[in-house]
Each structure stands twice: as structure tokens, then as C-alpha cells.
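Data first, discussion second: the structure below is written as C-alpha cells.
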């Protein structure tokens, strides 16, 4: 950590104080940027402008005379409005409860009820009507703020009785005093800075209680691992309801004075990369996998010379990366020859890949799930400064991360400064330090279970620590135990299978079954080629159930998993084209599989797979 960063964070006890100091130090620098659909242009906001908007929000929230620690539930896409509500809440000692903007009404109502939210902020009236229609009492709710107005429209009969007051955010803010002076009761580091509900890959989400001290400890440690500069531009698209984005993509830029540009949507990320040309990126593996799939698809349609250059650039670039990082390297080209080839291949191939990300990336932090080594090697070989890390909501969230000068992509790097790690029973990674949560909201029994007797947080992830670097092996609860007693990590299998461009998504099953089966979503472009190979019509839905198509897909799967033990190689497959998504409740907001939901979704097909094989 450099001296400027150290000085900036001195005496900072709360996230609100950190923002105030940033406004005072660089008032006219660009703080945020977002796209305005009305003008079809990107609009910038300075730190000073943001301070004024936050002050207005703060005055109006203070006028509600809510008790200290009142919860403010925020159901918004990443935006300037979301930042203003969050910062105003923090400045007043209130507790933001961020929620995913496209979560389903029942889940939202559950969180609003569970956290006893006093204020709920929604994007539009229809969103509120959907929540209100769920039969769940929300007695603590005192105000619903609507961003897009329309509050004069008649409200439906609410499932839980009396409707709380509704207010248009713009009108509500217009009534605030003209002064930009923020109301700032003293907020101490041990007060809650957020209740963040876990994504819930299994079961109901739990509210993780994080204090200002927790988050600031993580920000300080991150500034010692990754150099973020005041001239950096982040492109933000992971939801602010996820702690990874909150800490790394929101609070860290405030501490560093960097600008954050809010992407229009995940679907438009490729376009926004070119428009914003970010220097910093915070993402999950799925985004890089999508870019990689497009690359592979374009190479499949390219001529032999282009394909040769692409393969050569990846191989040479990867070897050069390994030599620079002192990563163990399998036998390959001579170092002197690679050094000669590398500049030309980088100009012909590597730079074109970097240009797809805007051409200016200084670092790209990746976490939230394991990344395929095929994808990692492709981008690192092209010169993309990809840094994998590991964390969880309960640790604010980053526990460890690679660094630009110490980057071993088969690991998630070394523990951050001030964070202690160890490997306990069942190879479980356990964590201790200032970043560790206070517990789960209103769940003392779950909180007790989350810690060992001597106070270490149980991550639930299996790990190995080698020369200080942490390698995640698997998830204890997700380990499949077949009826023959063999233990298999589904995540490893799924990563290997989705490395083949035919498969966009994969979910493997086999718990207490005689063998492993794979359920996959096919890439539509690759499916057309596979269907032709199998002699079936790609545009006929019945073809997905054709034996020839399944056999062809299974052959690809078995080729992709040939390095696994024989008992882990899938022996059956079911294929479909409809993606699993957040909207259909099969993926978490950070694009991880919701395994319990997928098991329920495919229950009949799973039974059919094993019944047929039993008969056979």
C-alpha cells in the first residue's frame, strides 16, 4: 500500500466518512458514469455532485425519525440512485439491505420481512405491486420510495393489509433543504454497514451482518494487493446486492478516487466495454466464459491460417506468462524462440482479444466461482491481467487474491494482509480476521454453527495451501457420494465439460446413484453442427431427445472428462437449449448454479435416467 493510500484511510471509522473525505479531496473529479436512455448518451457525475444528491437523501431520511440501525431495503439496478440511497443510509447510522433487482417477488418479500425494513426503494410501481401481492406481512415498513414515479396509480389490494405510504423519489428529494451539508451523527466502526442476504444456492437466504469495520478492513487489505489509481475507470455490472461488487467495485473505487461506470445490462456488456473502455473490471467467471465461447465460435468459422495464429498466440503467450510469473511450465517451445514470436503474435492476435475488453484494462479481478483453466490460459496468454481471488459474503468478502506480480492462476492467491487462514477437518478452509462477519441476522444457531469452537469461520470449501497460495479443491456440501461410495466434486466436472464450446451450462448429479449423469444447456450455434453430425434436425425440439443427439453429446462430455477417474465420467446426458438464469430461479445473482432448484427442476428426468439404466 502506498503512502497516499495509507494517509487517505487514516482516521476513517465509517464508510460514510470515507465518502465525505473523497468529496472533500477530489470534488470535481469524475465519480460515476451511467447511460441515459432518454438522450442515448453517457452522463458523468462528479464527487461534489454526488455529495449534494446524498445530502438531499440524508435530510429526507432523517426527517422520517427512524431509530438508529433502521433497515433500508434497496431493490435497484446498479446506478447513481442506488449509491445515493446507500450512502445516505450509511451516513445516518441506518443499515442498507441491498437486494438483486430482478429477484422474484416472493424472495424480495421474504427479505423485506426478515430484516424488518423500515424503507423500501423500488424501481417502479409494478415492482412494488408484485411484492405487495405476496402473502407475507411487512409490519415494519414505513415508506416505499419509487424511482420511476407513477405513485398516483391506484394500488392493488395488498396481501398483508394496510399499504405503507408511497413516494416518488424525485418529488421526495425536491422537498429536501437546499443545503449540501450532510447530517452526520457519529457512526462507529462496530455499527452495521449492511445486511447482505446470501445468494442461496441451497435453501432460504440468510442475512449476513457486516460492520463498517469489516468492510473497511477488506478495503484496506485490497489496496495493499491491487493498485487502484485515481485515473482508473471501473465498468460495473455485477449486482450491488453481492458483497464482491459492493466492496471491490464500489467501496474500493471510493477509497482510491476512481470512476465507476454502470453498464446498461449484462446483455450489453460487450458494447459497453467498447464505449467505456474500462481500466479495471470486477467479474465472475461466467462473463469471461461467454467472451471465450464467442472467440472459439469465431475461430471455428475462420480459415486455417487464422486458426493457426490463434492457437500459436495462446500457446506462446501462456508460456511467456508462466515464465514471467515463475509458474511451473510443461515442456514447450524454447524460451528464446517464444520471445521472438511473442511481439508479432501479440500484435496479430492478442491485442485484438484485449480490444474486445476496450483495450485499456490494467487488471481484471475475478471471483465468485471457479474459473476453467482453459479460459484462464486463453486470456492470460493474450495479455489480459486476470487476477483470480476467493471470498464469501461472510468475509466482506475477499479472503485471498492473486497480484499482478504474483499470479498463479491454478490458485486463488495468498491471504490478504490481516487475514489468517488454515485448513481444518475435511480439508475445510477456515478464516479469522477483521473481515469476518458478526453473524447471521436473527439466526443465532446458524451463527454458532458457522464458527469452530476456537472462533474460526467455517467456509464450507475444501482447500490446500501450498507455499502460502490457496487452491480451492471443492465444496464440502456439494461433494457427490455415489451408491458405490466414490466421492466426486461436481464443480470440477462441470468446469471441464463447459470448457467444450458445445456446452454453455452443465449440472451433474449422482448422489447415492450408481453413476454420474450430466444435464447440459447447449450453445445454439454449436448445436446446429452437432445435429447435422447426428443426422437430426436442429430446429426440431424433438431432436434434443433423439438417441443419436444424446450419444454425440455424451461422447463430447466423456472426451472432456477423460482425465477424471472412471467412476466420475458421466454415463448419461440430457440436453436442452433454454438457458438457466436468475429469472427462472436456476442461477444465483452471481451466476452460480442453484443446485437444489435444479434438482427439483429435473426431478422427473433424473428419475427417468436412472430407471432406464437400471432396466438396461
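Residue numbers (this note's numbering): 120 to 735.
Ideal Cβ positions, reconstructed from N, Cα and C, are used throughout, including at glycine.
Check: Buried or exposed by the 16-neighbour rule on C-beta atoms within 10 Å, applied to residue 369; Outcome: buried
Check: Nearest to residue 700 (by Cα), restricted to the options 196, 688, 720; Outcome: 720
Check: Sequence-distant residues of the same chain with beta carbon closer than 8 Å to residue 312, five excluded per side; Outcome: 133, 134, 209, 214, 215, 329, 330, 331, 333, 334
Check: Exposed unless 16 or more other CB atoms sit within 10 angstroms - verdict on residue 130; Outcome: exposed
Check: Inter-residue CB distance, residue 403 and residue 371 (contact presumed, cutoff 8 Å); Outcome: Rounded, the Cβ-Cβ distance is 17 Å, inconsistent with contact.
Check: Endpoints, beta strand (DSSP E) assigned at residue 414; Outcome: Unbroken run through residue 414 is the alpha helix (DSSP H), 404 to 419; no beta strand (DSSP E).
Check: Those runs of the alpha helix (DSSP H) which lie wholly inside the region 697 to 728 and span at least 4 residues; Outcome: 714 to 720
Check: Contact check, residue 469 vs residue 432, beta carbons under 8 Å; Outcome: yes
Check: Alpha-carbon to alpha-carbon, residue 638 and residue 706; Outcome: 14 Å
Check: Buried versus exposed call for residue 144 [16 or more other C-beta atoms within 10 Å across all chains shown]; Outcome: exposed
Check: Inter-residue spacing [alpha-carbon to alpha-carbon] between residue 736 and residue 195; Outcome: Residue numbering for the chain in the displayed model covers 120 to 735; residue 736 lies beyond these limits and cannot be assessed.
Check: Backbone CA spacing between residue 509 and residue 541 [nearest angstrom]; Outcome: 14 Å
Check: For residue 161, the first and last residue of its enclosing alpha helix (DSSP H); Outcome: It is not in any alpha helix (DSSP H) - residue 161 instead sits in the beta strand (DSSP E) that spans 160 to 165.
Check: Helix, strand or coil at residue 100 [DSSP, three-state]; Outcome: With the chain represented from 120 up to 735, any question about residue 100 goes unanswered, as that position is not in the structure.
Check: Nearest neighbour of residue 365, chosen from 632, 511, 572 [CA to CA]; Outcome: 511
Check: Beta strand (DSSP E) runs contained entirely in the region 492 to 569, provided each spans 3 or more residues; Outcome: 505 to 510, 517 to 520, 538 to 542, 547 to 552
Check: Neighbourhood of residue 316 by C-beta distance below 6 Å, restricted to the same chain and skipping five residues each side; Outcome: 230, 324, 326
Check: Contact the region 541 to 560 vs the region 487 to 502: 3+ CB pairs below 8 Å; Outcome: no
Check: Burial state of residue 199, where buried means 16 or more other Cβ atoms lie within 10 Å; Outcome: buried
Check: Inter-residue Cα distance where the pair is residue 674 and residue 504; Outcome: 35 Å
Check: Identified DSSP bridge partners for residue 584; Outcome: 589
Check: Same chain only: Cβ atoms within 7 Å of residue 207, ignoring 5 sequence neighbours per side; Outcome: 173, 176, 177, 180
Check: Helix, strand or coil at residue 578 [DSSP, three-state]; Outcome: strand
Check: Stretch-stretch touch, CB-based, cutoff 8 Å, three pairs: the region 424 to 438 with the region 387 to 402; Outcome: no
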